[in-house]
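A.B. asks:
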Amino acid sequence: MSHTHLSRRSFGLLGLTAAALGGTAHLAHADEPTPDARLVPATGHRLDSAEFARLYGPGTFTITSLANMVIGIPSKNGKPVNHEYIAVYRFRSLIEGKLDKVRLYWPTGTDYANGNGGRIRVRVLPDDGSNDHLPNLTATAVAEFVHTPNLTPGEKKSILDEMSFTTSSTALVKGELYHMVFDNLDPDPAANFISVDTQSTPAEAGRPARWLNTTDWSALMGTRRKGTRGAYTWTNLTETGSGGKLFSPIMQLTTVDGATQGVSDVESQSVVGRTDNTPDFRVYKVSTGRHVRELFTPGVDKKVTGLSFATVATVGGSLRWRITEGGKELAAGRITQTQPNYKYFTLGKSRLSNFVWYDAALPGELTFRAGTSYGVEFHAEGASQWYFCGHRNGSGNGFTWPAAFTESNAQHQVGGLWVNTNPRDLSKPRKDTNWPVVLHLAP
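Using mature numbering (1 follows the signal peptide of the UniProt record, and there is no 0), the letters of the sequence shown correspond one by one to residues -30 to -1, 1 to 413.
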């Protein structure tokens, strides 16, 4: 039995050179960084494109907060709304074969679920071929199962179990668009419903997937008046968003042959405080003597030509980056942000840090050898201070490579030693956290 593992996490952007960036080899975009159109086209790349296939790192997808999509009829101010909702995860397949299992994120509790959670039909349907690329709701399902959460009313928990398709009639075709459609078969979808959780970012800060188009891995919401059987009105939550947020699916697909595809960033570490002033600070402040690094140990050789990373300055100045192997410096450079560019967004009871991307070219091509560890380090210079927002990649919840990017992990320095970072409690290291770093690979 073959086990092919393909996903956006194995893949990357076009090779990055000093000439391409239009600057010196050691200088990244500085004050008010502007994405290079050659690197980040306005429409984004296809998921299966050669350009996207040269992106390597945990920052290809970003999460600032979770965002749920109700499947059923939610309530507002204690009363059911007048519309029913279905959720759709649209994806371009990077794998082929009949589907066997899927792992999703189902949140529960007030506003996320009600009653027993309902009876949720989960179908993988083909695309309708229209310009809007909607699910063909009348087509025979590629694969299907029904999820019955059997919740205790009011129970609050997260369900991230892997679930099996009970029917899988047709094989996925690489490069084709498909839709995972969630609808509620319960006779009273207002009394009994549940949600699926997505990762999200503030629209003002940028998309969850900076380099990707808004078609190939996206969250769609369908609505129609409750009690009717008319057509749905559709919203692409990855493109236009909702509540000022842009959504992106959390999902891992697995075929009967073991091929997998997905994205599984399940928790943001962007919290800088709470509206009720309860202590909650999960970002890591990089300042003099407080350094961070993303430690990469690739499974196969990688030829690296540049890097991108997301951070914000709370005190202006310069941030030095360096790539090391066993303490030996292989490449280095710096960004300069004269004025602070930090701000926070309020979401519910949380205050969340923004993020800004910076791009840097290497002076030449570096080979990251398989099985060897390389650090991408960040050091504040002078009095400057920077916020780095990590995320949990889902490997602690059962998601696997390449949906969970496990070929690197976040670390910080304590007493001159590098330790794995747990932003919730720095005294309890964990290995499923990443900083938003992306390496650009040679063509």
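Just so it is clear, CB atoms sit at the ideal spot from N, CA and C, and this is done for glycine as well.
1. Do residue 323 and residue 240 have their CB atoms nearer than 7 Å?
2. Relative to the C-alpha of residue 365, which candidate in 165, 207, 232 and 256 has its C-alpha closest?
3. Residue 175 to residue 311, Cα distance in whole Å?
4. Rounded to whole angstroms, what is the Cα-Cα separation between residue 283 and residue 355?
5. Buried or exposed: where does residue 245 fall if 16 or more other Cβ atoms within 10 Å of its Cβ makes it buried?
6. Give the range of the beta strand (DSSP E) segment to which residue 346 is assigned.
7. Leaving out the 5 sequence neighbours to the left and right, which residues in its chain are closer than 6 Å to residue 376 when beta-carbon positions are compared?
8. Alpha carbon to alpha carbon, how far is residue 184 from residue 190? Give it in angstroms, no decimals.
9. Please name the residue, chosen from 148, 92 and 78, that lies closest to residue 99 on a Cα-to-Cα basis.
10. Looking at residue 163: is its Cβ nearer than 7 Å to the Cβ of residue 56?
11. Tell me, to the nearest whole angstrom, how far the beta carbon of residue 325 is from that of residue 178; I am working on the premise that it is less than 8 Å.
12. Can the beta-carbon of residue 497 be found closer than 7 Å to that of residue 227?
13. Check the C-beta distance from residue 409 over to residue 272 and give it rounded, since I have them as a contact under 8 Å.
14. DSSP three-state call for residue 229: helix, strand or coil?
15. At 4 residues or longer, and completely inside the region 118 to 205: list those alpha helix (DSSP H) runs for me, N to C.
16. Can you tell me which of the three DSSP states residue 100 falls into?
17. Give the single residue among 167, 78, 196 and 144 whose Cα lies nearest to the Cα of residue 123.
18. Taking 6 Å as the limit between beta carbons, can you name the residues of its chain near residue 238, skipping five residues before and five after?
19. Based on the DSSP output, what are the partners of residue 358 in its beta bridges?
20. Taking the straight line between their C-alpha atoms, what separation do you get for residue 21 and residue 343?
21. Can you have a look at residue 134 and say buried or exposed, based on whether 16 or more other CB atoms are within 10 angstroms of its CB?
22. Within a Cβ cutoff of 6 Å, which residues of the same chain sit near residue 27, ignoring the five residues on either side of it in sequence?
23. Tell me the DSSP secondary structure of residue -12 in three-state form.
24. Report buried or exposed for residue 346, applying the criterion of at least 16 other Cβ atoms within 10 angstroms of its Cβ.
25. Quick check on this structure: which residue in 85, 90 and 351 has the alpha carbon closest to the alpha carbon of residue 305?
26. Do you know offhand how far residue 111's Cα is from residue 264's?
27. With DSSP as the reference, label residue 30 as helix, strand or coil.
28. With distances taken between CB atoms, is the gap from residue 381 to residue 392 smaller than 7 Å?
29. Should the region 206 to 222 be called in touch with the region 46 to 55, which here means at least 3 C-beta pairs below 8 Å?
C.D. replies: Let's see:
1. Against the sequence shown, residue 323 aligns to sequence position 353. Against the sequence shown, residue 240 aligns to sequence position 270. Yes, the Cβ-Cβ distance between residue 323 and residue 240 is below 7 Å.
2. On the sequence shown, position 395 is the one that residue 365 refers to. That would be 232, whose Cα lies nearest to the Cα of residue 365.
3. The residue labelled residue 175 in the question sits at position 205 within the sequence shown. The residue labelled residue 311 in the question sits at position 341 within the sequence shown. In a straight line, the C-alpha of residue 175 is about 12 Å away from that of residue 311.
4. For the purposes of this step, residue 283 is taken as residue 313 along the sequence shown, with counting starting at 1. For the purposes of this step, residue 355 is taken as residue 385 along the sequence shown, with counting starting at 1. Between residue 283 and residue 355, the C-alpha separation is close to 6 Å.
5. The count along the sequence shown starts at 1 and reaches residue 245 at position 275. Exposed, by the Cβ-count rule.
6. In the sequence shown, the residue the question calls residue 346 occupies position 376. Its beta strand (DSSP E) spans residues 344 to 351.
7. Translated into the one-based positions of the sequence shown, residue 376 becomes position 406. Cβ within range, chain order: 365.
8. Indexing the sequence shown from 1 puts residue 190 at position 220. Indexing the sequence shown from 1 puts residue 184 at position 214. The straight-line gap from Cα to Cα measures roughly 11 Å.
9. For this step, residue 99 is matched to residue 129 along the sequence shown. Here the closest residue by C-alpha is 148.
10. Residue numbering aside, residue 163 sits at position 193 when the sequence shown is read from its first letter. Residue numbering aside, residue 56 sits at position 86 when the sequence shown is read from its first letter. It is not a contact, given that the beta carbons lie outside the stated cut-off.
11. Here residue 325 corresponds to residue number 355 of the sequence shown, with the count starting at 1. Here residue 178 corresponds to residue number 208 of the sequence shown, with the count starting at 1. Contact flag wrong, Cβ pair sits at about 11 Å.
12. For the chain, the structure presents residues -30 to 413; residue 497 sits outside this window and is missing.
13. What you label residue 409 is simply residue 439 of the sequence shown in a count that begins at 1. What you label residue 272 is simply residue 302 of the sequence shown in a count that begins at 1. So it is a contact: roughly 7 Å between Cβ atoms.
14. To locate residue 229, count along the sequence shown from 1; it is residue 259. The answer is coil: DSSP assigns residue 229 none of H, G, I, E or B.
15. none
16. If you number the sequence shown from 1, residue 100 lands on position 130. In this structure, residue 100 counts as coil in the three-state DSSP scheme.
17. Counting from one through the sequence shown, the residue named residue 123 turns up at place 153. For the residues 167, 78, 196 and 144, the minimum Cα distance to residue 123 belongs to 78.
18. In the sequence shown, the residue the question calls residue 238 occupies position 268. The residues are 33, 34, 35 and 361.
19. In the sequence shown, counting from the first residue as 1, residue 358 sits at position 388. Bridge partners of residue 358: 254.
20. Counting from one through the sequence shown, the residue named residue 21 turns up at place 51. Counting from one through the sequence shown, the residue named residue 343 turns up at place 373. Approximately 25 Å, taken between the alpha carbons.
21. Locating residue 134 in the sequence shown gives position 164, where the first residue counts as 1. Result: exposed.
22. Taking the sequence shown and counting its residues from 1, one reaches residue 27 at position 57. Once the five neighbours on either side are set aside, the close Cβ partners of residue 27 are 407, 408 and 409.
23. Against the sequence shown, residue -12 aligns to sequence position 19. The predicted model places residue -12 with a pLDDT of 28, which falls under 50 and marks its position as unreliable, so this point remains unresolved.
24. As a first step, residue 346 is located in the sequence shown; it is residue number 376 there, counting from the start. The residue in question, residue 346, is buried, as its Cβ has 16 or more Cβ neighbours within 10 Å.
25. Taking the first residue of the sequence shown as position 1, residue 305 is located at position 335. Ranking 85, 90 and 351 by Cα distance to residue 305 puts 351 first.
26. Locating residue 111 in the sequence shown gives position 141, where the first residue counts as 1. Locating residue 264 in the sequence shown gives position 294, where the first residue counts as 1. C-alpha separation (whole angstroms): 41 Å.
27. Translated into the one-based positions of the sequence shown, residue 30 becomes position 60. Of the three classes helix, strand and coil, the one that applies to residue 30 here is helix, per DSSP.
28. Here the question's residue 381 lines up with position 411 in the sequence shown. Here the question's residue 392 lines up with position 422 in the sequence shown. Contact flag unset, no.
29. no
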